Amino acid sequence: MGKLRFLLAVIIGKISAFLLDKIFKRGTNTPGIIMLKICPDALSRFVMPKTTICVTGTNGKTGTSNLLTHIIRNSGKTVVNNSKGSNMAPGLASALVTQCTLSGKVTADVAVLEVDERSSQYIYTEFTPDYILCTNLFRDSIMRNGHSGFIFDKINDYLNEKTTLVLNGNDGISGLLGEGICNRVFYSVNKTDKSTETCVDTVCDLIACPKCNHKLDYEFFHYNHIGVPKCSHCGFRMPQSRFFASDVDFENGTFVFNGDKGESLVLPFQKGNFFNVFNITGACAVCRLMGIDLDIIENSIEDLSSKTGRFENKKYNGVEVISMLSKNQNPISCSQSLKYLESTDNEKDVVLLITDSNDKVHGHEDISWIYDTDFAPLNNENVKTVYVGGTRCYDVANCLEIKGIDIAKLVLFENYDDLAQEVSKKSIVGRNIIVYFELYATGVVEKIKNALAQKGDEN
Ligand SMILES: [Zn+2]
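Residue numbers for the sequence shown follow this note's numbering, beginning at -14 and rising by one.
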């Protein structure tokens, strides 16, 4: 009976995926939703490829998954991934059904699947990944995820001993996953010119030793609680990293990736995006564990270095618009994106579309995360105007004022159309516009771009 249900789910999943792709020209989760309705254990019935890699963690999942997919494809293998759909069970089912036989055998050589941390129990219980790469764990979407410790348990409770965990050795939270359960491999980033002795960010999610609960010391911090933790009471230290990044050159946007056999590569990363160094190092670690050659990795990263991440820039009649996705309810992601403002000397106007633009549908009563975000880069003298958009603009403005941002720079708009028109009207040739937007605000970014393009047409 189960087999028949699964066959039916695969057939209907394939048909709906085909039709939706033809009609909407994009991926969706609908085929997966239908499949799981017909056959709730569909994910466990797929015959998974020889290598299955899951990528999870608070920040950097998408960037790391895309990197992995790109490198593995360049090595000559075929890859199925869920980059077009969601990172929850229906998104995974939707991806797998497009590349499987009627019996459910996935035909790609490798599966690279981004997995929502909170969905671990619905995914790792259905199939056993060969590798799980966890990028990091931070406080994030407090109303949904509660606390990083809560999410840690959500992942740890569903790990299988056959999985190799690839973990961030600079993260004293996610780095403890799988202890006594799985084979664990660590990657980390060495001390850089920007490392600090104390945590200079608002949020530090790990202040007590995870082993003895005494106050935790750090050799240095990269950002937030990411660094080298050590406990002088019980001697707790993170395990040795088999793969590590060294010689991070922020000026030129390069670093050295060091492998476990003494090999090394100079690789580029997106300037102003330090996350990128961790994402690349983690992805390279998995690729090396899979036996992919160094030169393939090197060429792939160089080739992709300008395209990875949720970062886009385009010029409209002399005005460069740089848009950066800043995940809503995620203070670490938002703070890291804002640091980009300090990495260039150009004059710029900043547009903040960071609160829920679709507030009525996805509204969050909790705005504490804004207070956990570091807005200090807005005080940079090159930042001329800060536009704040959306129904939450007054909440953001209030927080900015409390945090000492010069309120003379602020311009508030509840209405996005008015905001787009004003940003375009006041734009100055040679001055960049940096737009920080949350996932549901992509349409607003388009409005701004359209208004700028139209202004050009009128001139
Ligand atoms: Zn301790």
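Cβ atoms here follow ideal geometry from the backbone N, Cα and C, with glycine treated the same way. All of these numbers come straight from a predicted model, not from anything done at the bench.
Residue pairing by DSSP places residue 241 opposite 231 and 251 in a beta bridge. One Cα belongs to residue 333, the other to residue 362, and the distance between them is close to 12 Å. In this structure, residue 62 has its beta carbon at no less than 7 Å from each heavy atom of ligand 1.
Within 7 Å of the C-beta of residue 9 there is not a single heavy atom belonging to ligand 1. One residue after another in chain order, those with a Cβ under 6 Å from a heavy atom of ligand 1 are 194, 196, 197, 199, 216, 218, 219 and 221.
Looking only at 330, 416 and 37, the smallest Cα-Cα distance to residue 370 is reached by 416. In this structure residue 117 does not touch residue 81 by the C-beta definition: roughly 17 Å separates them, more than the 8 Å allowed. By the Cβ neighbour-count rule, residue 30 is buried, with 16 or more other Cβ atoms within 10 Å of its own.
13 is the residue among 61, 173 and 13 whose C-alpha sits nearest the C-alpha of residue 78. Rounded to whole angstroms, the separation of the alpha carbons of residue 211 and residue 341 is 27 Å. Straight-line spacing of the CA atoms in residue 73 and residue 414 works out to 43 Å. In the DSSP annotation of this structure, the continuous segment of the alpha helix (DSSP H) that includes residue 58 starts and ends at 46 to 59. By the Cβ neighbour-count rule, residue 264 is buried, with 16 or more other Cβ atoms within 10 Å of its own.
Around the beta carbon of residue -2, a 10 Å sphere encloses 16 or more other beta carbons of the protein chains shown; the residue is thus reported as buried. Note that the C-beta distance between residue 53 and residue 40 is below 8 Å. Relative to the Cα of residue 205, the nearest Cα in the group 199, 194 and 184 belongs to 184.
Within the model, the alpha-carbon separation for residue 418 versus residue 306 is close to 5 Å.
Between residue 167 and residue 191, the C-beta gap is not smaller than 8 Å, which leaves the two residues out of contact.
Exposure of residue 32 is indicated by the presence of fewer than 16 other C-beta atoms within 10 angstroms of its C-beta. If you draw a straight line from the Cα of residue 220 to the Cα of residue 155, it is about 16 Å long. Beta-bridge partners of residue 333 (DSSP): 368 and 417. Excluding its 5 nearest sequence neighbours in each direction, residue 386 has C-beta neighbours in its own chain below 6 Å: 392, listed in chain order.
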